[in-house]
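Trainee: Taking this note's numbering, the leading residue of the sequence shown gets 1, the next gets one more, and so forth.
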Amino acid sequence: MSGAPTSPVAPGLPLAGAAPLASTDFGDWRDYLALTKPRVMALVVFTALMGLLAAPVAVHPVIGFTAILCIAVAGGAAGALNQWYEADLDAKMKRTRGRPLPAGRLTRDQAFGFAMFLAIGSVTIMALAVNLAAAGLLVLSILFYVLVYTVWLKRRTPQNIVIGGAAGAFPPMIGWAAATGDVTLLPLLMFGIIFLWTPPHFWSLALFVKTDYREAGVPMLPVSHGLAETRRQVLLYTLPLVTAALAPWALGLTGLVYGIPALALNIVFLAGAVRVAGNRAEDPAGMKAEKQLFAFSILYLFALFAALAADRLVLA
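(1) Enumerate in chain order the residues of its own chain whose CB-to-CB distance from Pro332 is below 7 Å, with the five nearest sequence positions on each side excluded.
(2) Buried or exposed: which applies to Gly252, given that a residue is buried once 16 or more other Cβ atoms fall within 10 Å of its Cβ?
(3) Indicate whether the contact test is met: 3 or more Cβ pairs, each with one atom in the stretch 131-144 and one in the stretch 241-260, closer than 8 Å.
(4) Would you be able to state if there are at least three C-beta pairs under 8 Å between the stretch 153-171 and the stretch 214-222?
(5) Here's a check: name, in chain order, each residue in its chain whose Cβ is nearer than 8 Å to the Cβ of Met287, leaving out the five neighbours to either side.
(6) Output the distance between the C-alpha atoms of Ala78 and Phe117, rounded to the nearest integer angstrom.
(7) Just the Cα atoms here: how many angstroms apart are Thr230 and His60?
(8) Would you check if the stretch 289-296 and the stretch 266-276 touch, i.e. whether three or more CB-CB distances between them fall below 8 Å?
(9) By the 10 Å Cβ neighbour count, where 16 or more other Cβ atoms means buried, how is Ala264 classified, buried or exposed?
(10) Helix, strand or coil for His60? Go by DSSP, reduced to three states.
(11) Could you tell me whether the Cβ atoms of Trp84 and Ala111 are closer together than 8 Å?
(12) Going by DSSP in three states, Thr157 sits in which element: helix, strand or coil?
(13) Count the other C-beta atoms from every protein chain shown that fall within 10 angstroms of the C-beta of Arg39, then say buried if there are 16 or more, exposed otherwise.
(14) For chain D, is any of its Cβ atoms less than 8 Å away from the one on Trp203?
(15) How close, in whole Å, do the beta carbons of Leu308 and Trp197 come, if the pair is a contact with beta carbons under 8 Å?
(16) Can you give me the start and stop residues for the alpha helix (DSSP H) that Leu106 sits inside?
(17) For the alpha helix (DSSP H) that Phe294 lies in, which residues bound it at each end?
(18) Near Ala244, which residues of its chain fall below 7 Å by C-beta distance, leaving aside the five closest residues on each side in sequence?
(19) Unbroken alpha helix (DSSP H) runs of length 4 or more, entirely within the stretch 210-277: which are they?
(20) For Gly164, which of Gln233, Leu147 and Ile260 has the nearest alpha-carbon?
(21) Pull up the distance between the alpha-carbon of Ser23 and that of Tyr32, whole angstroms please.
(22) Starting from Phe202, trace the alpha helix (DSSP H) in both directions and tell me its first and last residue.
(23) Just mark Ile68 as buried or exposed, buried being the case when its beta carbon has 16 or more other beta carbons within 10 Å.
Next comes the structure, spelled out in structure tokens:
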């Protein structure tokens with residue numbers, strides 16, 4: 001292993017500001033945990049669990065636990081590979097420069113080895129203990145996040161979040177497949193909800209941290225197309241999101257236990273997106289609407305998927 005963390009785009013060169021790390025130092029467990037992006041993993045685990053609970057079959061608790069654990073570990077593997085590849089970008093951004101690699105607490109070799117161990121282990125156990133359909137989707141989700149979003153899209157196009165958002169939309173579909181062994185219309189709608197939710201959620205954040213992306217050279221939409229266009233896109237993507245979120249109820253796939261909360265949540269989300277679209281502030285201090293929409297969007301997704309699972313449990 002190298003004595004200092006290196007840049008993924010220039011192997012062998014230490015990251016700026018990184019302190020040397022002895023090759024014999026395994027590192028702190030908390031840094032390995034940080035590589036897995038625990039806050040992101042929490043959303044992955046929750047939506048996967050809701051997908052499993054929404055499935056129209058009973059799942060043995062051990063199988064269900066194993067499936068959710070594999071999804072969580074695979075999500076951690078994808079997060080670690082993302083940080084391994086983007087260590088140079090993280091070093092340039094205020095909100096990420098304290099991560100284990102740019103801070104010099106772990107080496108790239110350590111991060112890569114840890115990530116591959118998690119990825120291979122989670123997929124293997126899913127295939128052997130649950131079913132091949134869930135394992136196949138798990139592989140696809142890891143590859144999509146790492147190769148399509150992180151390697152191909154993020155540094156090249158402001159559409160990185162739009163296309164890359166599919167990576168975060170896999171968990172409920174994998175949870176459903178773990179329970180049933182297949183994928184039907186409802187899990188596809190769950191996939192679509194997260195896919196369409198990702199742009200307004202992430203662009204709301206990007207609007208008030210755009211300076212970080214500009215300094216790192218990442219072509220996020222506020223950097224490449226400006227604030228006004230980003231705000232317009234937040235509203236435009238919210239419209240199909242509302243449609244997708246209400247579709248399970250409209251199509252008779254769920255009942256009122258889902259339909260009423262979904263309607264209320266989407267009215268609030270749409271109102272927030274309208275406020276963002278109408279904001280003209282240039283300074284982050286004036287972006288209260290954007291910060292509120294970003295915060296609510298997290299609550300929105302948790303509440304929406306909880307209602308989906310609750311509807312299934314009530315009707316069972």
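For every residue, glycine included, the Cβ atom is placed at its ideal position computed from N, Cα and C.
Mentor: With the given structure in hand:
(1) Outside the modelled stretch of the chain, which goes from 1 to 316, sits residue 332, for which no answer is possible.
(2) Along the sequence shown, read from residue 1 onward, the residue named residue 252 stands at position 252. Label assigned to Gly252: exposed.
(3) no
(4) yes
(5) Against the sequence shown, residue 287 aligns to sequence position 287. Hits under 8 Å: Leu207, Phe208, Asn279 and Ala281.
(6) Translated into the one-based positions of the sequence shown, residue 78 becomes position 78. Translated into the one-based positions of the sequence shown, residue 117 becomes position 117. Cα-Cα distance, rounded: 11 Å.
(7) As a position in the sequence shown, residue 230 is number 230, starting the count at 1. As a position in the sequence shown, residue 60 is number 60, starting the count at 1. Near 45 Å, if we compare the C-alpha coordinates of His60 and Thr230.
(8) yes
(9) The residue given as residue 264 occupies position 264 in the sequence shown. Under this definition Ala264 is an exposed residue.
(10) Start at 1 with the first residue of the sequence shown, and residue 60 comes out as number 60. Note: His60 maps to coil in three-state DSSP.
(11) Here residue 84 refers to the residue found at position 84 of the sequence shown. Here residue 111 refers to the residue found at position 111 of the sequence shown. Yes, these two residues count as a Cβ contact at 8 Å.
(12) Position 157 of the sequence shown holds residue 157. The answer is coil: DSSP assigns Thr157 none of H, G, I, E or B.
(13) Translated into positions along the sequence shown, residue 39 becomes position 39. Arg39 should be labelled exposed.
(14) No chain D is part of this structure, which consists of one protein chain only.
(15) The residue you call residue 308 lines up with position 308 of the sequence shown. The residue you call residue 197 lines up with position 197 of the sequence shown. Not really, about 13 Å apart at Cβ, beyond 8 Å.
(16) Stepping through the sequence shown from its first residue, residue 106 is reached at position 106. From DSSP, Leu106 is part of no alpha helix (DSSP H); its letter is neither H nor E.
(17) Taking the sequence shown and counting its residues from 1, the one referred to as residue 294 is at position 294. Note, Phe294: alpha helix (DSSP H), Lys288 to Leu315.
(18) By 1-based counting over the sequence shown, the position of residue 244 is 244. Cβ within range, chain order: Leu189, Gly192, Ile193 and Leu196.
(19) 210-216 and 221-250
(20) To locate residue 164, count along the sequence shown from 1; it is residue 164. Closest option to Gly164, Cα to Cα, is Leu147.
(21) On the sequence shown, position 23 is the one that residue 23 refers to. On the sequence shown, position 32 is the one that residue 32 refers to. With a pLDDT of 43 at Ser23, under the threshold of 50, the modelled position of that residue is not reliable, and the figure given next carries that caveat. Whole-angstrom Cα-Cα distance: 16 Å.
(22) Here the question's residue 202 lines up with position 202 in the sequence shown. Taken as a continuous stretch (DSSP letters only), the alpha helix (DSSP H) holding Phe202 covers Leu185 to Phe208.
(23) In the sequence shown, counting from the first residue as 1, residue 68 sits at position 68. Flag for Ile68 reads buried.
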